[in-house]
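When we follow this note's numbering, the leftmost residue of the sequence shown carries the number 221, and every step to the right adds one.
Glycine residues also receive a C-beta, built at the ideal position from the N, C-alpha and C atoms.
Following: one structure in structure tokens, then a few remarks.
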Amino acid sequence: MTTPYRYLVASGDGAAADLVEELCIWHDRMVAHLRRHGASAPCPCGDQDACPREDARDLWTRARRAFGPATAPLTFLRQHSGDAHG
Ligand SMILES: [Zn+2]
């Protein structure tokens, strides 16, 4: 499992570890989703309920709130938070 978000645990509060875990799971889902459906926007998968791009915006907002400027390197999450369905 890729763990590009582990460094954030040190910058957040008690709930940080849970959020980082969510981010890691989302990352793997998103990578698999891109392999399957490609990267064009809006997402061609047509499944808004299960699309990880739908979760990106919410996760990005929560990560910004929890970690502030420490989220600057999270370009993958930030990019996908901007091109979700409608
Ligand atoms: Zn999708």
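Which of helix, strand or coil DSSP assigns to residue i
{"i": "G234", "result": "coil"}
{"i": "Y227", "result": "helix"}
{"i": "A290", "result": "helix"}
{"i": "A252", "result": "helix"}
Beta carbon proximity, residue i to chain B, threshold 8 Å
{"i": "R273", "result": "Note that chain B does not occur in the displayed structure, where there is just one protein chain."}
Any residue with its C-beta under 6 Å from a non-hydrogen atom of ligand 1 counts. Can you list them all in chain order? H253, H257, C263, C265, C271, R273
Tell me, please, whether the segment 277 to 293 touches the segment 240 to 255 by the rule of three or more beta-carbon pairs shorter than 8 Å. yes
Would you say the segment 221 to 240 touches the segment 287 to 294, given that touching needs at least three Cβ pairs under 8 Å? yes
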